[in-house]
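Heads up, our numbering is the position in the sequence shown plus 183, with the first residue counted as 1. From the three backbone atoms N, C-alpha and C, an ideal C-beta is built for every residue, glycine too.
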Amino acid sequence: PLPTATPQHRLWTKAVISTRSHPNHSNSYSFPPSTTPGWISPRPHGPWCASIPAAIAIDCEMCETRDPLTQTLNPKALCRLSIVNADRPSEILIDTLVKPEWPVSNHRTWVNGIGSQDLEHVQFTLQHAQQFMMALCSDQTVIVGHAVHNDLKALRMIHHCVVDTAMLFAHAGEEEGSTPSLKNVAYGVLKGREMPEVHDSVNDARVSLECALFWRERDGVVEPVEKVFSRNAGSRGYKSVDPNETATLLVHRLPRTTEVAHIEEMFLAFTFVKPKLVKEIAFSGTHGKCYVEFASADHANLAYDTLLGEEREDKTGKKQKRVGLKGGGYVCVRKMRKGK
184 PLPTATPQHR LWTKAVISTR SHPNHSNSYS FPPSTTPGWI SPRPHGPWCA SIPAAIAIDC
244 EMCETRDPLT QTLNPKALCR LSIVNADRPS EILIDTLVKP EWPVSNHRTW VNGIGSQDLE
304 HVQFTLQHAQ QFMMALCSDQ TVIVGHAVHN DLKALRMIHH CVVDTAMLFA HAGEEEGSTP
364 SLKNVAYGVL KGREMPEVHD SVNDARVSLE CALFWRERDG VVEPVEKVFS RNAGSRGYKS
424 VDPNETATLL VHRLPRTTEV AHIEEMFLAF TFVKPKLVKE IAFSGTHGKC YVEFASADHA
484 NLAYDTLLGE EREDKTGKKQ KRVGLKGGGY VCVRKMRKGK
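The structure is reproduced here in structure tokens:
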């Protein structure tokens, strides 16, 4: 259902519809049947909902656990639950650590700040969290957050009245269907606000709510979010994207069948300039993207200038070319900064 029960619910209807229209929504929000053991589904909205909020903002922290009998891994085991009242953002409805069902195989302290000593004496379990959610939510309660499907799956909760800030904001210059990080959304939407490397789920819930309210106040007419931070594989966290990284080109709109070797072969065949490094292709939806490094800025510019294809600017003002494929269609090769 859509959130239509009260005027407070209806404030979020357009954002819920926009979230559902994202190309990744159906895949991200695919849940098991409602009769699946261990999973919960909120009750229909009714008179019992008079004292609960129309909307909440949520963020969960997860760790990795392992079943001692089967050795099955659960990479998204709930270990902290934080919920803010979206009608009154200063009100924290719950903020608690959660005892995982299986022994923890990776606490991921570098992400969530939660260590083994923090969980040692915790008695609040996933079942307690589910009972709390069932008392707090109807099927029309709007759950706001960033990549909320991860939180719902950690809670084992089937719910579709969701406002997901990862799907409300487009990613400037990225392939359609890609989703920006909360760090980039906050920086772009909340006047350059930077977020800490270690997650704080109360803060993350509030920040995603602020971003959703920004979208709602502008009736969804918002600019794409620039990629200021990217995940840094060399260290566990984010690094700033250097706008002067002119020895690099972005290749996007890559078909699913594309391999790294194909990118190198394309540049050699069409430009006679050999890339220094073709990074791993990141796929999202039906297409992928990758960054291609050259020996110098001159090499990157030569490769770009030599490519044949229609040139146009993307939404952020960066130049890119459409390069035709043999079987039809095209890929895009984009410069990393504005200018010549």
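Bridge-paired residues (DSSP) for residue i
i, result
"K502", "E496"
"H435", "K472 and C515"
"R226", "S321"
"S467", "H470"
"V267", "A240 and I275"
"G260", "Reading off the sequence, residue 260 comes out as Ala, not Gly. A260 is bridged to C246."
"G507", "Y513"
Collapsed DSSP secondary structure at residue i in the structure displayed
i, result
"P190", "helix"
"T196", "helix"
"G417", "In this prediction, G417 scores a pLDDT of 39, lower than 50, which makes its location untrustworthy; the coordinate-derived value is nonetheless stated afterwards. Residue state, collapsed to three classes: coil."
"P426", "Unreliable placement is indicated for P426, whose pLDDT of 45 sits below 50; no coordinate value is reported for it."
"V381", "coil"
"F455", "coil"
"M519", "coil"
"Q278", "For the record, residue 278 in the displayed sequence is Asp; it is not Gln. Three-state result, D278: strand."
"T248", "strand"
"F450", "helix"
"S288", "strand"
"V461", "strand"
"G221", "coil"
"S361", "coil"
"S201", "helix"
"V405", "coil"
"Y212", "coil"
"P184", "coil"
"E393", "helix"
"K366", "helix"
"G296", "coil"
"N484", "helix"
"T489", "helix"
"E400", "helix"
"G375", "coil"
"S234", "helix"
"A444", "helix"
"T255", "coil"
"N386", "helix"
Anticipated Cβ contact below 8 Å, residue i with residue j, distance rounded
i, j, result
"D322", "P184", "6 Å"
"C243", "S384", "6 Å"
"L338", "A312", "6 Å"
"A355", "K410", "7 Å"
"V223", "M317", "Checking the sequence shown, residue 223 turns out to be Ile, not Val. Right, the Cβ-Cβ distance comes to about 6 Å (below 8 Å), so this counts as a contact."
"I266", "A388", "7 Å"
"K366", "F412", "5 Å"
"L319", "C262", "The pair is not a contact, with the Cβ atoms about 20 Å apart (cut-off 8 Å)."
"C344", "T324", "6 Å"
"K518", "K501", "5 Å"
"I275", "F315", "Not quite, the Cβ-Cβ distance comes to about 13 Å (not below 8 Å), so this is no contact."
"P251", "W195", "About 42 Å; that fails the 8 Å criterion."
Short Cβ contact (7 Å threshold) for residue i with residue j
i, j, result
"I326", "F214", "no"
"G492", "K509", "no"
"V443", "P458", "no"
"V287", "T248", "yes"
"A483", "A430", "yes"
"A198", "A240", "no"
"K259", "K336", "yes"
"L437", "G468", "no"
"V294", "H382", "yes"
"Y212", "H332", "yes"
"G516", "L432", "Here the sequence assigns Val to residue 516, which means Gly is not the residue at that position. Yes; because the gap between Cβ atoms is below 7 Å, this pair is in contact."
"N207", "G371", "no"
"T189", "A237", "yes"
"V514", "L485", "no"
"L490", "T454", "yes"
"A353", "P407", "yes"
"G298", "H290", "yes"
"P272", "L392", "yes"
Contiguous beta strand (DSSP E) assignments of at least 3 residues, all confined to the region 298-356 = 325-328 and 345-347
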